[in-house]
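Below: the structure, in structure tokens.
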Amino acid sequence: MTTQETPSIRVNLSLKPDLNDLIEELSELSGQSKAGFIRNFLQEMKPALEITRDGLKVIKDKENATNVLANMFDLADLKVDELKQHKLDLE
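So for the sequence shown, our numbering puts the first residue at 8; every next one is plus one.
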């Protein structure tokens, strides 16, 4: 039995030169293609994107915005702490 993967959807986007340079450098350092780096980065950010989406929906509906914003800030704090730890691990 074979499993079928969900087909990927191609997205075209334009980047400012400084952002393109940064992504190009990150992709080279991580040994990935630029598209692969962007794809993996967005996949890693999916939980944050979902929280942001949910928060914007709540704010748009003007329901319980305080709790959603608190969750968004908690996630941001967690990610900042993870980045700080990675930096310490590299030193």
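We put the beta carbon where it would ideally sit given N, CA and C, even for glycine.
- Nearest Cα to Phe44 within the set Glu31, Arg60, His93 and Asp84: Glu31.
- The DSSP assignment places 24–37, 41–51 and 53–68 as complete runs of the alpha helix (DSSP H) inside the stretch 24–68, in order along the chain (cut-off: 4 residues).
- Looking only at Leu33, Val18 and Thr13, the smallest Cα-Cα distance to Asp25 is reached by Leu33.
- Taking the C-beta atoms as reference points, Ile58 is found nearer than 8 Å to Asn78.
- With a contact defined as Cβ atoms closer than 8 Å, Gly62 and Leu76 qualify at about 6 Å.
- Here the alpha carbon of Thr13 sits roughly 25 Å from the alpha carbon of Ser37.
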